[in-house]
Ligand SMILES: *[C@@H]1O[C@H](CO)[C@@H](O)[C@H](O)[C@H]1NC(C)=O
Ligand SMILES: *[C@@H]1O[C@H](CO)[C@@H](O)[C@H](O)[C@H]1NC(C)=O
Ligand SMILES: *[C@@H]1O[C@H](CO)[C@@H](O)[C@H](O)[C@H]1NC(C)=O
């Protein structure tokens, strides 16, 4: 075996010598004397290479196998810094990749990001600045049904999306003004959100949309005052939104309320002009106790039945319905069965 290899090497060296005129024969003749130092040299190189590779593998495993250290990267340039000691952890992972592993909507780094970046704004401490200060209940009837379902609950917690300007046909203003509720107003259209801020509502608010996927994502938001919605068009990297659209960051419902340390929502008003079922689909109903929910169904492709079926499967029962011939409201109001037991 060994002589065979030697013969083979000799052949190669001879060819090389011919081509490059390098004294390989000299090297080969003295190989025996040099053998031990050569072996030490080669072993050192191998050891160093191995060490580097092992280090690389450790970092690789740390990122991909340990969900708590997996970097959260979503949308271009929208990242959460990950504290790891290894340079390899700065590699970007596509959302598709990240979703293959466990990726919690309440991932602590995501919640930290939201809390550190003013995504959710505190209630105003100024007096209300409403267009119709005398109109306590601008809703089309939802607020009363909700109060009825909850026996006139005081100091509850609501989430309203889309919140529009915080006043027009608001389903939550009555609860806030007269029943001491706190809550979260979610409005994706930046123009509407600016108007909402001017109203000085006593609720938290966020200029975001609710994710239609179980993770944060950016969308093109079609701006149409009260009929604006998430567009089907994809956001193009580094490109401004076309006229009439805005680039808006969406967060999952559960992510937003988790960032507020809320796990019970007394009333969730959902009216997002067609994405209702997609939004509902992201909600882990086992982890958040929603007591009453109103869902506009008229713009969803499956209509009333699809919403009813979905919510029934999640343990809700139809409690009331609000319809309006002008289509200003076509909402099912559903109550969690856990309330009725
Ligand atoms: C009250 O709202 C109007 C718009 O309706 C706005 O122009 C005005 O600046 C607001 N006032 C305050 C004190 O925010
Ligand atoms: C929620 O809890 C976290 C951690 O305890 C805290 O930093 C954050 O301010 C809380 N958020 C709210 C809205 O209370
Ligand atoms: C995320 O939600 C799960 C399930 O409700 C819970 O067990 C876990 O403690 C939550 N994690 C954080 C960081 O809130």
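Residue numbers (the numbering used here): 285 to 625.
Beta carbons: idealized from backbone N, C-alpha and C, even for Gly.
Would you mind giving the Cβ-Cβ distance between residue i and residue j, rounded to the nearest angstrom? I have them listed as a contact below 8 Å.
i	j	result
residue 617	residue 603	5 Å
residue 443	residue 403	Going by Cβ atoms, the distance from residue 443 to residue 403 rounds to 14 Å, so no, they are not a contact pair.
residue 431	residue 540	Contact flag wrong, Cβ pair sits at about 24 Å.
residue 552	residue 582	18 Å between Cβ atoms; not a contact.
residue 538	residue 566	7 Å
residue 407	residue 488	6 Å
residue 513	residue 558	6 Å
residue 424	residue 608	6 Å
Thinking C-beta only, is residue j closer than 7 Å to residue i?
i	j	result
residue 505	residue 528	no
residue 492	residue 533	yes
residue 451	residue 486	no
residue 426	residue 536	no
residue 433	residue 576	yes
residue 579	residue 554	yes
residue 497	residue 449	no
residue 483	residue 413	yes
residue 543	residue 399	yes
residue 556	residue 446	yes
residue 563	residue 494	yes
Looking at the structure shown, is residue i part of a helix, part of a strand, or coil, going by DSSP?
i	result
residue 615	strand
residue 548	strand
residue 535	strand
residue 556	coil
residue 501	strand
residue 543	helix
residue 598	coil
residue 483	coil
residue 572	coil
residue 291	helix
residue 439	coil
residue 456	coil
residue 326	helix
Is residue i near ligand 1, with its Cβ less than 6 Å from a heavy atom?
i	result
residue 615	no
residue 524	no
residue 413	yes
residue 449	no
residue 409	no
residue 418	no
residue 482	yes
Can you tell me whether residue i is buried or exposed? The criterion is at least 16 other CB atoms within 10 Å of its CB, across all chains shown.
i	result
residue 507	buried
residue 338	exposed
residue 612	exposed
residue 323	exposed
residue 600	buried
residue 419	exposed
residue 456	buried
residue 560	buried
residue 336	exposed
Just to confirm, does residue i get its C-beta within under 6 Å of one of the non-hydrogen atoms of ligand 3?
i	result
residue 545	no
residue 399	no
residue 390	yes
residue 571	yes
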